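Student:
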Amino acid sequence: MTTETIIIVTYVLIFLLISFLVIQHLSEKNKESKKKKIKTLAEEFEGQKVLIDGKLNEDYSKIKEILKRFNVEVQHKMSTKTGILITGKNPDDFVVEEAKSFGTKIYSEASFLELYYAPKFMLKSKLKSMQRATVKVKI
190 MTTETIIIVT
200 YVLIFLLISF
210 LVIQHLSEKN
220 KESKKKKIKT
230 LAEEFEGQKV
240 LIDGKLNEDY
250 SKIKEILKRF
260 NVEVQHKMST
270 KTGILITGKN
280 PDDFVVEEAK
290 SFGTKIYSEA
300 SFLELYYAPK
310 FMLKSKLKSM
320 QRATVKVKI
């Protein structure tokens, strides 16, 4: 092999290595973006077990009717299977603490209704407990 051939092979190998690393990097970004999928309110609540606690501004039956549209089972007490807690005014502190310990998502009544009535909304999937839900409007 001549010196020129060795140099060309070396350049080709370096090019292939850089291409491989770039593809790996792009693949990792694609996986991360799939993990950060933004959910709609319907996807968030679909099939969940929901507990409503505290004094509501809206009629309880109206909130319950909205939840039924999402194929939700409304519970009467907190359990480890409760996926979402909707709190009104003055919720029971014990229920809220229990929900946090179970990893239950917590929404205030106001934030739940804002999300429900917002046009074409998307829900950010990683909300902290008792943080007000945010709305991303598609135009």
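Just so you know, we're using my numbering here: the sequence shown kicks off at 190 and counts up by one.
Think of the CB as a built atom: it goes at the ideal place given N, C-alpha and C, for glycine as much as any other residue.
The model shown is predicted, which means the values in this text are computed figures rather than measured ones.
Just verifying my parser: in three-state terms, what is the DSSP assignment at Leu245?
Tutor: coil
Student: Could you check if Val326 is buried or exposed, using at least 16 other CB atoms within 10 Å of its CB as the buried criterion?
Tutor: Only weak support exists for where Val326 lies, its pLDDT of 48 falling under 50; the value from the coordinates is given anyway. Exposed, because fewer than 16 other Cβ atoms sit within 10 Å of the Cβ of Val326.
Student: Roughly how many angstroms separate the alpha carbons of Gly236 and Val284, rounded to a whole number?
Tutor: 21 Å
Student: Would you call the segment 288-298 and the segment 254-264 touching, i.e. three or more CB-CB distances under 8 Å?
Tutor: no
Student: Take Asp281 and list the residues in its own chain whose beta-carbon comes closer than 7 Å to its own, dropping the five residues that flank it on each side.
Tutor: Asp242
Student: Taking DSSP's pairing of strands, which residues face Leu274 in a bridge?
Tutor: Leu240 and Ile295
Student: Going by the CB atoms, is the gap between Glu233 and Ile273 shorter than 9 Å?
Tutor: Yes, these two residues count as a Cβ contact at 9 Å.
Student: Would Phe259 and Leu240 be called neighbours here (beta carbons separated by less than 9 Å)?
Tutor: no
Student: Exposed or buried, which one is Ile275 when buried takes at least 16 other CB atoms within 10 Å?
Tutor: buried
Student: Going by DSSP, what residues sit across from Val263 in a beta bridge?
Tutor: Val239
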